[in-house]
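179 is the number of the first residue of the sequence shown in the numbering used here; add one for each residue after it. Every residue, glycine too, gets a C-beta built ideally from N, C-alpha and C. Below: the structure, in structure tokens.
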Amino acid sequence: MTEIILKKLGLNQSAKDSVGLPKSKTVQVLSRILHWKEKAGTVLYGLPLVFVFFAVWEIAPLTGIVSPIFFPPFSKAIIALKGLILSGELFGHIGVSLQRALTGFFLAVVVAVPLGFLMGRYSRLEKIADLMIQGLRNTPHFALLPVFIMVLGIGESSKIAITFLAAVWFILINTISGVKCVDPLYLKAAKSMGTSDTDLFIKVILPASIPSIVSGARLGVKSSLMAVIGAEMLAAKSGLGFFIQNSHLMYRIPEMYAGILALAIFGLLINYLLVWFEKSATPWKASTH
Numbered sequence: 179m180t181e182i183i184l185k186k187l188g189l190n191q192s193a194k195d196s197v198g199l200p201k202s203k204t205v206q207v208l209s210r211i212l213h214w215k216e217k218a219g220t221v222l223y224g225l226p227l228v229f230v231f232f233a234v235w236e237i238a239p240l241t242g243i244v245s246p247i248f249f250p251p252f253s254k255a256i257i258a259l260k261g262l263i264l265s266g267e268l269f270g271h272i273g274v275s276l277q278r279a280l281t282g283f284f285l286a287v288v289v290a291v292p293l294g295f296l297m298g299r300y301s302r303l304e305k306i307a308d309l310m311i312q313g314l315r316n317t318p319h320f321a322l323l324p325v326f327i328m329v330l331g332i333g334e335s336s337k338i339a340i341t342f343l344a345a346v347w348f349i350l351i352n353t354i355s356g357v358k359c360v361d362p363l364y365l366k367a368a369k370s371m372g373t374s375d376t377d378l379f380i381k382v383i384l385p386a387s388i389p390s391i392v393s394g395a396r397l398g399v400k401s402s403l404m405a406v407i408g409a410e411m412l413a414a415k416s417g418l419g420f421f422i423q424n425s426h427l428m429y430r431i432p433e434m435y436a437g438i439l440a441l442a443i444f445g446l447l448i449n450y451l452l453v454w455f456e457k458s459a460t461p462w463k464a465s466t467h
């Protein structure tokens, strides 16, 4: 294993000996180095296309290919973004959006995980609820936003409800899948040793289901964030979605693009954070690949 990693890193055997660690530790250290090397390579491969995109964004309005009034140069969007950061306005809107998204997400976890365990363990319950769940799951979230606004009002409740709906199905389906995919041999072995239902759940079913649940939670967080931005554009007085839409309506075009740019950066950071969390929460899953 060590020799394979050294070969990928382009190192010789003497490099391994110079580390001065036990074999198991050496493998761990070299594996981490290889992982970060591959990550850096992926980022470097993607940078040229990013630079081309921003260069086109800068040049196209300046040369008159597109109207600078409706599509200002990249530099103007950056200047507007800098002003929003220095004033603190941007962070205020991001904080509001994040609070709404996470509230809906955590409510989805509280509802979906226990329900998913029950439906995964008891097939009759799954059959009873499946038609209703599939119907709601395949209904676009924003089709229900007018209903939420009429029932819950235009305040925070309607926006939290839409983020809850955006996240709950990912978590529920993945939890059911995780429970149903537990190796039957583990269950039979535990039952043959007289394991109680409570211990069976805590020591066998829950640990085996965690990778699937965490994957569903990662998708749920991303879906909640996208949903809350859309909801804020339609019915809100604060939040990043509101800021982008309001800048458009008030004809603050550079600020609108600055908000979109901030949303893209924020989404990218959230994605990397969620991937890191998934790998940290399920290290055994990553080690099998």
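- In the structure shown, G333 falls within a coil segment according to DSSP collapsed to helix, strand and coil.
- Using a Cβ distance threshold of 8 Å, V399 and G419 do not count as a contacting pair.
- The segment 369–381 and the segment 300–308 do not touch, with fewer than three beta-carbon pairs separated by less than 8 Å.
- Of the residues assessed, S425 falls on the buried side of the cut-off, its CB having 16 or more other CB atoms within 10 angstroms.
- For D308, the enclosing alpha helix (DSSP H) starts and ends at 301–315.
- DSSP places L322 outside any alpha helix (DSSP H), giving it a letter other than H or E.
- The Cβ atoms of G417 and R278 lie closer than 8 Å to each other.
- Within 10 angstroms of the beta-carbon of W454 lie fewer than 16 other beta-carbons, which makes it exposed.
- Separation of F326 and Y223 (C-alpha to C-alpha, rounded to the nearest whole angstrom) is 44 Å.
- Boundaries for A413: no alpha helix (DSSP H) harbours it, and the DSSP string shows neither H nor E there.
- A direct Cα-Cα distance of roughly 32 Å separates I351 from H271.
- For T376, the enclosing alpha helix (DSSP H) stretches over residues 375–378.
- The residue among T353, Y429, I338 with its C-alpha nearest the C-alpha of S401 is I338.
- In terms of Cα proximity to V287, the closest of I443, P324, L412, G394 is G394.
- Nearest in C-alpha terms to G282, of all of V346, M434, F342, is F342.
- Here the alpha carbon of P461 sits roughly 16 Å from the alpha carbon of G356.
- In this structure Y435 is buried. Its beta-carbon is surrounded by 16 or more other beta-carbon atoms within 10 angstroms.
- Per the coordinates, the alpha-carbon of L280 lies some 32 Å from the alpha-carbon of L227.
- According to the DSSP assignment, M434 belongs to the alpha helix (DSSP H) that extends over 431–459.
- At least 8 Å separates the beta-carbon of G437 from that of I448.
- In the DSSP assignment, K369 falls within the alpha helix (DSSP H) that extends over 362–370.
- For V289, the closest C-alpha among the options L439, I391, L441 is that of I391.
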